[in-house]
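A.B. asks:
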Amino acid sequence: MTRLLTVVKCGGNPAVDSRGICADVARLVHRGESVVLVHGGSGEIARLAGKLGVPQRTLVAPDGVSARYTDPAMLEVVVLALAGAVKPAIVAALSGLGAPAVGLTGLDGGMLRARRKPAVRAMVDGRTVLVRDNHGGQIAAVRTDLLEGLLRSGFVPVVSPPAINEHDQPVNVNADRVAAALTVALGADRLVLLTGAPGVLADAGDETSMHSTYAVPPAGAPGSVAGGMALKLVAAREALAGGVTSVRIADGRVPEPISRALAGAGTTVT
Amino acid sequence: MTRLLTVVKCGGNPAVDSRGICADVARLVHRGESVVLVHGGSGEIARLAGKLGVPQRTLVAPDGVSARYTDPAMLEVVVLALAGAVKPAIVAALSGLGAPAVGLTGLDGGMLRARRKPAVRAMVDGRTVLVRDNHGGQIAAVRTDLLEGLLRSGFVPVVSPPAINEHDQPVNVNADRVAAALTVALGADRLVLLTGAPGVLADAGDETSMHSTYAVPPAGAPGSVAGGMALKLVAAREALAGGVTSVRIADGRVPEPISRALAGAGTTVT
Amino acid sequence: MSDCPQCTDEVSISDSARLNEIVECAGCRNELEIVALSPTVLALAPEIEEDWGE
Amino acid sequence: MSDCPQCTDEVSISDSARLNEIVECAGCRNELEIVALSPTVLALAPEIEEDWGE
Ligand SMILES: [Zn+2]
Ligand SMILES: [Zn+2]
Chain A
823 MTRLLTVVKC GGNPAVDSRG ICADVARLVH RGESVVLVHG GSGEIARLAG
873 KLGVPQRTLV APDGVSARYT DPAMLEVVVL ALAGAVKPAI VAALSGLGAP
923 AVGLTGLDGG MLRARRKPAV RAMVDGRTVL VRDNHGGQIA AVRTDLLEGL
973 LRSGFVPVVS PPAINEHDQP VNVNADRVAA ALTVALGADR LVLLTGAPGV
1023 LADAGDETSM HSTYAVPPAG APGSVAGGMA LKLVAAREAL AGGVTSVRIA
1073 DGRVPEPISR ALAGAGTTVT
Chain B
823 MTRLLTVVKC GGNPAVDSRG ICADVARLVH RGESVVLVHG GSGEIARLAG
873 KLGVPQRTLV APDGVSARYT DPAMLEVVVL ALAGAVKPAI VAALSGLGAP
923 AVGLTGLDGG MLRARRKPAV RAMVDGRTVL VRDNHGGQIA AVRTDLLEGL
973 LRSGFVPVVS PPAINEHDQP VNVNADRVAA ALTVALGADR LVLLTGAPGV
1023 LADAGDETSM HSTYAVPPAG APGSVAGGMA LKLVAAREAL AGGVTSVRIA
1073 DGRVPEPISR ALAGAGTTVT
Chain C
4 MSDCPQCTDE VSISDSARLN EIVECAGCRN ELEIVALSPT VLALAPEIEE
54 DWGE
Chain D
4 MSDCPQCTDE VSISDSARLN EIVECAGCRN ELEIVALSPT VLALAPEIEE
54 DWGE
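This is the structure in structure tokens:
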């Protein structure tokens, strides 16, 4: 791949403006660059879970880090929302902007292979319990042949969870970490994680407290940042460890959010 | 494309055994043939519409032919069910059988461009009325570059509605006619339409009354066959008119349904 | 009764007529759509190529 | 009270204990999972590499 390749992750967060992100993706593509767009969909997942009467639950690890409790009913909602609602809307929007997009999940072409842990420890009412029906996992392997072929042909891959486990069952994975894993596996030049904040904040309640650079600790939970941002920093660390040289966490709520991030807005993670 | 290419359409109909169909697709792929699998999902659409409280309604044309009334809420359900439930299950099943599948809708790569009619005539309580919020349409153009690239790379494309209209909005289209249009556009060798019956029946209530060949009239509604089969015959006619030489309507409820159809089971449409 | 927008003949409308219903004008044989009720307003119905199976 | 499956020491279980709760054996320091209630049955808890953010 000789064209500049950027992996962009967008939320998730309903505050993030997906029309503006799509317009910016199309702009990059039209000037000859390649983009892989990774998306979450927490807003749509919440909306659909509510409509279908599936409770949204959270697993809190003994160290206080929390994650979505993806029981079988919630896994169904996650896949419906990401593959059946968020992704078609993004693909249609990119198409309308002249950027020929192809929507994919980690199931397609065996792209994202995950390990599902048979049990995870969680805090429930102050007690540590084992949860065995959590269909969340971590990415164990990435196949890039499908993406590389699409990029060569000029398509914009639009990728989301789920991944597929060793028993060929869907497994929910964190979309920020999907973006990081794809950046590494594709040897992409840049990873941009868009979020509903200007960047990594020293004080979560103060948008002026942004770090322009943030050195993520080499292991363990990143200190002094709240849940969602901690996971983005874990993803950023995984990208850096995999040899990615440019990792930015930037504001997804502004016009031209990717171009701004690439021009220096947001937080550079090192 | 020099490898034998077969387009297979599976339902839709919950009676059709999608595991058996996937196993047969994998068998064809493993012996070096190419397959495009087109799917509907009427069972899943009905289930999800029920859960979400969206009424399923039917438009009946003045000539008695009926079709799904896809108002905006139903279009959302159709896309959720096809792209977010039926397709991921098929892709995961094929993956588990060693056939690397890629799930697509007509939105992807601008594959299926449709015209949505601003109004359709329908019979309601014995009166002819114009319905203006039906998001169903007919296929106007097919782009094959995405599918051809995937087939060259050895992937099994798994395709369903929706298509995309001239305003880049999703439009529901009939999946049998998607299969026919793709067969023509790809110059595929064979089209197999699997259904919940042995083939085209002379008497819908008598499975022994199957036509081994059926000459579909060159225009107008095919006579003496019920709703769903009439649409399959319209699709078959479109494929034949486009130069496809082998069009079969066959039983999707049996083991190895595609192999059986290719070996002569079901109805040959001429 | 309501006037045909094409030939200005009077077109009889049943009491149970509904919005978007198609009626035929006996004068000019055009198909008309009821675009408003009470009072009834008629408009020339759009020509639509019928194609079912969508 | 219930017996530790590793060291057979007695492990005290609170009245409000729940299924799949993890308790530590004071004798051998192993982590045990409550795999049944009334009567309480304990099993060695699986070792799990903790990795959140999934
Ligand atoms: Zn008239
Ligand atoms: Zn012990």
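Chains as they are written, first to last, in my numbering: chain A, 823 to 1092; chain B, 823 to 1092; chain C, 4 to 57; chain D, 4 to 57.
Cβ atoms here follow ideal geometry from the backbone N, Cα and C, with glycine treated the same way.
Looking at C-alpha atoms only, which residue of A:E1029, A:A1010, A:G928, A:S982 is the closest neighbour of A:Q991?
C.D. replies: Here residue 991 of chain A refers to the residue found at position 169 when the first sequence is read from its first residue. The shortest Cα separation from A:Q991 among A:E1029, A:A1010, A:G928, A:S982 belongs to A:G928.
A.B. asks: Using three-state DSSP, classify B:K873 as helix, strand or coil.
C.D. replies: As a first step, residue 873 of chain B must be located in the second sequence, where it is residue number 51. Three-state result, B:K873: helix.
A.B. asks: Can you check which of these residues, B:P1040, B:V1014, B:A1024, B:A1019, is closest to B:V858 by C-alpha distance?
C.D. replies: Indexing the second sequence from 1 puts residue 858 of chain B at position 36. For B:V858, the nearest C-alpha among the options comes from B:V1014.
A.B. asks: If you measure from each CB to the nearest heavy atom of ligand 1 and keep those under 5 Å, what residues do you get, in chain order?
C.D. replies: For ligand 1, the selected residues are C:C7, C:Q9, C:C10, C:D12, C:C28, C:G30, C:C31.
A.B. asks: Keeping to the same chain, check which residues put their C-beta closer than 7 Å to that of A:A845; ignore five residues upstream and five downstream.
C.D. replies: Residue 845 of chain A sits at position 23 when you count from the first residue of the first sequence. Counting only Cβ-Cβ distances below 7 Å, and skipping sequence neighbours, we find L919.
A.B. asks: For D:L22, which residues of its own chain have a beta-carbon under 8 Å away from its beta-carbon, when the five flanking residues on both sides are left out?
C.D. replies: The sequence position of residue 22 of chain D within the fourth sequence is 19, counting from 1. So the list reads I37, V38, A39, L40, once near-sequence residues are dropped.
A.B. asks: With 8 Å as the limit, tell me which residues of the stretch 972 to 993 of chain A have their beta carbon closer than that to any beta carbon of chain B; keep them in chain order.
C.D. replies: For the stretch 972 to 993 of chain A, which is checked against every Cβ of chain B, the residues closer than 8 Å are L972, S975, F977, P984, I986, H989, D990, Q991, P992.
A.B. asks: Is there at least one non-hydrogen atom of ligand 2 closer than 7 Å to the beta-carbon of D:N33?
C.D. replies: As a working mapping, residue 33 of chain D is identified with position 30 in the fourth sequence. Within the cutoff, so yes.
A.B. asks: Rounded to the nearest angstrom, what separates B:E970 and A:P922 at their Cα positions?
C.D. replies: The residue given as residue 970 of chain B occupies position 148 in the second sequence. The residue given as residue 922 of chain A occupies position 100 in the first sequence. Computed Cα separation, rounded: 15 Å.
A.B. asks: With a threshold of 8 Å on Cβ separation, who are the neighbours of C:W55 within its own chain once the five nearest residues in sequence on each side are excluded?
C.D. replies: Start at 1 with the first residue of the third sequence, and residue 55 of chain C comes out as number 52. Confidence in C:W55 is poor, its pLDDT being 47 and thus under 50, which makes the residue's placement too unreliable to answer from.
A.B. asks: Is the CB of C:P3 under 8 Å away from at least one CB in chain B?
C.D. replies: Any question about residue 3 of chain C goes unanswered here, given that chain C covers just 4 to 57.
A.B. asks: Give me the Cβ distance between B:R1070 and B:G1088, rounded to the nearest whole Å; I'm assuming they're in contact under 8 Å.
C.D. replies: What you label residue 1070 of chain B is simply residue 248 of the second sequence in a count that begins at 1. What you label residue 1088 of chain B is simply residue 266 of the second sequence in a count that begins at 1. Between B:G1088 and B:R1070 the Cβ distance is about 5 Å, and since that is below 8 Å, they are a contact.
A.B. asks: As a quick exercise: from B:V981, B:S1031, B:L1055, pick the residue whose alpha carbon is nearest that of B:G1042.
C.D. replies: Translated into the one-based positions of the second sequence, residue 1042 of chain B becomes position 220. Per the Cα distances, B:L1055.
A.B. asks: When we look at the beta-carbon of B:V1091 and count the other beta-carbons within 10 Å, is it buried (16 or more) or exposed?
C.D. replies: Translated into positions along the second sequence, residue 1091 of chain B becomes position 269. The residue is buried, with at least 16 neighbouring Cβ atoms inside 10 Å.
A.B. asks: A:T892 and A:V996 - do their beta-carbons sit closer together than 8 Å?
C.D. replies: As a working mapping, residue 996 of chain A is identified with position 174 in the first sequence. As a working mapping, residue 892 of chain A is identified with position 70 in the first sequence. Here residue 996 of chain A turns out to be Asn, not Val, going by the sequence shown. Cβ atoms of A:N996 and A:T892: not closer than 8 Å.
A.B. asks: Straight-line CA distance for B:V1006 to B:T1067?
C.D. replies: For this step, residue 1006 of chain B is matched to residue 184 along the second sequence. For this step, residue 1067 of chain B is matched to residue 245 along the second sequence. Taking the straight line joining both Cα atoms gives about 10 Å.
A.B. asks: Does the beta carbon of A:L952 sit closer than 8 Å to a beta carbon anywhere in chain D?
C.D. replies: As a working note, residue 952 of chain A is residue 130 in the first sequence. Answer yes: the Cβ-Cβ gap between A:L952 and chain D drops below 8 Å somewhere.
A.B. asks: Can you give the Cα-Cα distance for A:L827 and A:S982, rounded to whole angstroms?
C.D. replies: Sequence index remark: in the first sequence, residue 827 of chain A carries index 5 (1-based). Sequence index remark: in the first sequence, residue 982 of chain A carries index 160 (1-based). For A:L827 and A:S982, the distance between alpha carbons rounds to 18 Å.
A.B. asks: Taking Cβ to Cβ, would you say B:V924 is nearer than 8 Å to A:L916?
C.D. replies: Along the second sequence, read from residue 1 onward, the residue named residue 924 of chain B stands at position 102. Along the first sequence, read from residue 1 onward, the residue named residue 916 of chain A stands at position 94. Result no, Cβ atoms of B:V924 and A:L916 do not sit closer than 8 Å.
A.B. asks: What does A:V829 touch in chain B if you count any residue whose Cβ is under 9 Å from its own?
C.D. replies: Counted from its first residue, the first sequence places residue 829 of chain A at position 7. Within 9 Å Cβ-Cβ: nothing; A:V829 doesn't reach chain B, min ~19 Å.
A.B. asks: By the 10 Å Cβ neighbour count, where 16 or more other Cβ atoms means buried, how is D:E24 classified, buried or exposed?
C.D. replies: Indexing the fourth sequence from 1 puts residue 24 of chain D at position 21. Buried, by the Cβ-count rule.
A.B. asks: Is it right to say D:E50 is buried, meaning 16 or more other beta carbons lie within 10 angstroms of its own, or is it exposed?
C.D. replies: By 1-based counting over the fourth sequence, the position of residue 50 of chain D is 47. With fewer than 16 other Cβ atoms within 10 Å, it is exposed.
A.B. asks: Run down chain A in chain order and give the residues with a C-beta less than 7 Å from the C-beta of B:V964.
C.D. replies: If you number the second sequence from 1, residue 964 of chain B lands on position 142. By Cβ distance, chain A contributes nothing, its closest Cβ being about 14 Å from B:V964, past 7 Å.
A.B. asks: Which residues does DSSP pair with B:T1089 in a beta bridge?
C.D. replies: Walking along the second sequence from the start, residue 1089 of chain B turns up at place 267. DSSP, once it has assigned bridges, lists B:I1071 as partnering B:T1089.
A.B. asks: At the 8 Å Cβ level, is A:M823 part of the contact set with chain B, yes or no?
C.D. replies: Sequence index remark: in the first sequence, residue 823 of chain A carries index 1 (1-based). In this prediction, A:M823 has a pLDDT of 49, which is less than 50 and means its spatial position is unreliable; nothing more can be read from the coordinates.
A.B. asks: Grouping DSSP H, G and I as helix and E and B as strand, with all else coil, what is A:A1041?
C.D. replies: Position 219 of the first sequence holds residue 1041 of chain A. Looking at A:A1041 - three-state DSSP - the assignment turns out to be coil, as it is neither helix nor strand.
A.B. asks: A:L926 and A:A899 - do their beta-carbons sit closer together than 8 Å?
C.D. replies: To locate residue 899 of chain A, count along the first sequence from 1; it is residue 77. To locate residue 926 of chain A, count along the first sequence from 1; it is residue 104. Here residue 899 of chain A is Val; the residue named in the question, Ala, does not match the sequence. Not in contact: A:V899 and A:L926 (Cβ atoms no closer than 8 Å).
A.B. asks: So with Cβ pairs under 8 Å, would you call A:A895 a contact of chain D?
C.D. replies: Along the first sequence, one-based indexing puts residue 895 of chain A at 73. Closer than 8 Å: no.
A.B. asks: Span of the beta strand (DSSP E) holding B:I1080?
C.D. replies: Taking the first residue of the second sequence as 1, we reach residue 1080 of chain B at position 258. Premise fails: B:I1080 lies in the alpha helix (DSSP H), 1079 to 1084, not in any beta strand (DSSP E).
A.B. asks: Report the three-state DSSP secondary structure of C:V26 (helix, strand or coil).
C.D. replies: On the third sequence, position 23 is the one that residue 26 of chain C refers to. It is a strand residue.
A.B. asks: Identify the contact partners of A:G931 in chain B, using a Cβ-Cβ distance below 7 Å as the criterion.
C.D. replies: Translated into the one-based positions of the first sequence, residue 931 of chain A becomes position 109. Ordered by position in chain B, the residues that pass the 7 Å Cβ test against A:G931 are P922, V924, F977.
A.B. asks: Cα-Cα, which of B:P884, B:T880, B:L1062 is closest to B:A1010?
C.D. replies: Along the second sequence, one-based indexing puts residue 1010 of chain B at 188. Of the listed residues, the one whose Cα sits closest to B:A1010 is B:L1062.
A.B. asks: A:M896 lies in the alpha helix (DSSP H); which residues open and close that run?
C.D. replies: Sequence index remark: in the first sequence, residue 896 of chain A carries index 74 (1-based). From DSSP, the alpha helix (DSSP H) with A:M896 extends over 894 to 903.
A.B. asks: Would a check of beta-carbon distances place A:L874 closer than 8 Å to chain E?
C.D. replies: No chain E appears in this structure, whose protein chains are A, B, C and D.
A.B. asks: I'd like the span of the alpha helix (DSSP H) that includes A:E1104, first residue to last.
C.D. replies: Since the first residue of chain A shown is 823 and the last is 1092, residue 1104 of chain A is not available in this structure.
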